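Residue numbers (my numbering): 78 to 220.
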């Protein structure tokens, strides 16, 4: 039996576990992004009356957008400050299962954090943009 066949048989289970882990990690990241989008979008939608009051009192549309995006960014930054050390601690505990990947894989952490910040920015921008386009009197009547 050739050496390549023996090696392929020997690491086939490891490859399967690696593929499953990668698949579940991508699904988990997508679910986290979906949940983040839903939560932030819902929070902004509930504040349409407040945003209407701000615009009725003279706030510019850009100021309203910046307010919402800044608050969403602060929430995501706080989550990242808590989540990244916990993710590192978790990766250290399963470090023996990783093959040729250090527990502190900066590319993976950066990709996940960038995806979450991008989703948070979109989740804040889309409803805030929609709310800033609404007539302040209509927003005030909704409540």
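Note that the Cβ used here is the ideal one computed from N, Cα and C, for glycine as well. Note that the structure is a prediction, hence the values are computed from the model and not measured.
Query: What do you reckon, are the CB atoms on residue 129 and residue 208 nearer than 9 Å?; Result: yes
Query: Kindly indicate which residue of 109, 79, 92 has the alpha-carbon position closest to the one of residue 195.; Result: 109
Query: Under DSSP, the alpha helix (DSSP H) around residue 149 begins and ends at which residues?; Result: 138-170
Query: In the structure shown, what three-state DSSP assignment does residue 112 receive?; Result: helix
Query: Just the C-alpha distance for residue 167 and residue 180, rounded to the nearest angstrom, thanks.; Result: 9 Å
Query: How close, in whole Å, do the beta carbons of residue 145 and residue 205 come, if the pair is a contact with beta carbons under 8 Å?; Result: 4 Å
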